[in-house]
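Quick notes on the structure that follows.
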Amino acid sequence: MGDARPGLAMQDITVTFGGLTALSGVSLEARPHEVLGVIGPNGAGKTTLFNVACGFVRPDSGSLSWGGQGLPRLRPHDLAGLGISRTLQGLGLFDRMTVLDNVLVGADRDARSRFWSDLLSLPRSTRDEARLRDRARGVLDELDVASYADRYPASLPYAVRKKVALARALVSEPELLLLDEPASGLSDTEMSDLGTLLRGLTDRMAVMLVEHHMDLVMSVCDDLVVLDFGRVIATGSPAEVRDDPAVQAAYLGEAVTDA
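Every letter in the sequence shown is one number past the one before it in the UniProt record's numbering, and letter 44, counting from 1, is 44.
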């Protein structure tokens, strides 16, 4: 399903906070057209790893690369220009902006400048504005929430707001989508719908998700990386990880099951 092009590679990543090692020698790769899942018990280092991938945290040692090019000083504002989008655990939606305008905030850098010019009544291209709004409405439609385009986020159910946050990440048409616990707060049915959606995205992008809902990762991921106390204890397909004794031990003997 994947291809030979390099994706987002993290090599020997180590992060310490005040003498505490959060990550130790972690390596992984999110490859084009595949879903990579990062899992582990609470405190395993998943959030720190995600923050390194997004440029929020600079590792003490190790390296990142994207498409074969090194990223020695990655910062969050660099992601859009690289073709990378992200969602965070907190939705981060603007309550005083409509759903459509919230999605437009996630557009690519040039499109964003046109959008903000529109808000400030600065000179702009009407054609470009219409194109961008059509793109945003198209993403909302893909996620089955286009009917909420003119509503405000605070008035919407949580699952709909989650989709709006995802639409904001997708509107820039990224090559890599980084998701931090996308299933949090969702019902079983909503989680199943999310899994179907994520599998459908792989025809045009790579997906890396940090998640603790095992049913979701087992059903949608091509490969898994399992962390425990900041170290990689297992990698492989969902079936391989499910049967790994180290993974079972990390989860205190609880069964790791398929969806």
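Virtual Cβ for every residue (Gly too), placed ideally from N, Cα, C.
Source: prediction; values computed, not measured.
Residue i vs residue j beta-carbon contact at 9 Å
{"i": "Gly236", "j": "Ser172", "result": "no"}
{"i": "Val103", "j": "Arg151", "result": "no"}
{"i": "Ala9", "j": "Leu64", "result": "yes"}
{"i": "Ser85", "j": "Pro6", "result": "no"}
{"i": "Ala159", "j": "Leu186", "result": "yes"}
{"i": "Pro153", "j": "Val164", "result": "yes"}
{"i": "Gly176", "j": "Ala206", "result": "Going by the sequence as given, residue 176 is Leu instead of Gly. Cβ atoms of Leu176 and Ala206: closer than 9 Å."}
{"i": "Ala249", "j": "Val241", "result": "no"}
{"i": "Lys46", "j": "Leu224", "result": "no"}
{"i": "Ala149", "j": "Leu140", "result": "yes"}
{"i": "His77", "j": "Gly55", "result": "yes"}
{"i": "Ala53", "j": "Leu178", "result": "yes"}
{"i": "Leu71", "j": "Thr48", "result": "no"}
{"i": "Asp215", "j": "Asp188", "result": "yes"}
Closest residue to residue i among the options (Cα-Cα distance)
{"i": "Phe50", "options": "Leu216, Thr202, Leu197 and Glu181", "result": "Glu181"}
{"i": "Leu166", "options": "Ala53, Ala130 and Gly90", "result": "Gly90"}
{"i": "Gly25", "options": "Phe229, Ala249, Gln248 and Ala239", "result": "Phe229"}
{"i": "Asp203", "options": "Leu132, His33 and Leu156", "result": "His33"}
{"i": "Ser184", "options": "Gly200, Lys162 and Tyr148", "result": "Lys162"}
{"i": "Gly83", "options": "Pro238, Thr48, Tyr251 and Trp66", "result": "Trp66"}
{"i": "Asp101", "options": "Arg133, Ala44 and Ala246", "result": "Arg133"}
{"i": "Leu28", "options": "Ala246, Ala239, Tyr251 and Val232", "result": "Val232"}
{"i": "Val20", "options": "Asp215, Ala30 and Gly43", "result": "The question names Val, but residue 20 in the sequence shown is Leu. For the residues Asp215, Ala30 and Gly43, the minimum Cα distance to Leu20 belongs to Gly43."}
Strand pairing of residue i, partner residues [DSSP]
{"i": "Met10", "result": "Leu28 and Leu64"}
{"i": "residue 260", "result": "Only positions 1 to 259 of the chain appear in this structure, which leaves residue 260 out of reach."}
{"i": "Asp193", "result": "According to DSSP, Asp193 bridges with nothing at all."}
{"i": "Gly37", "result": "Leu209 and Leu224"}
{"i": "Leu179", "result": "Thr87 and Leu209"}
For the segment 150-176, which segments carrying the alpha helix (DSSP H) assignment without a break, of at least 4 residues, lie completely within its bounds, in sequence order?
158-170
Cβ contact (3+ pairs, closer than 8 Å) linking the segment 24-40 and the segment 204-211
yes
So within the segment 196-244, which uninterrupted beta strand (DSSP E) runs reach at least 3 residues, ignoring any that extend past its ends?
As far as the segment 196-244 is concerned, its whole beta strand (DSSP E) runs of at least 3 residues are 206-210, 223-228 and 231-236.
Looking at C-beta atoms only, is the number of pairs between the segment 14-27 and the segment 52-71 that lie closer than 8 Å three or more?
Contact holds: three or more Cβ-Cβ distances are below 8 Å.
Is the segment 213-228 touching the segment 188-197, taking contact as three or more C-beta pairs under 8 Å?
yes
If we require 3 or more residues per run, which beta strand (DSSP E) segments fall completely within the segment 41-93?
61-66 and 84-87
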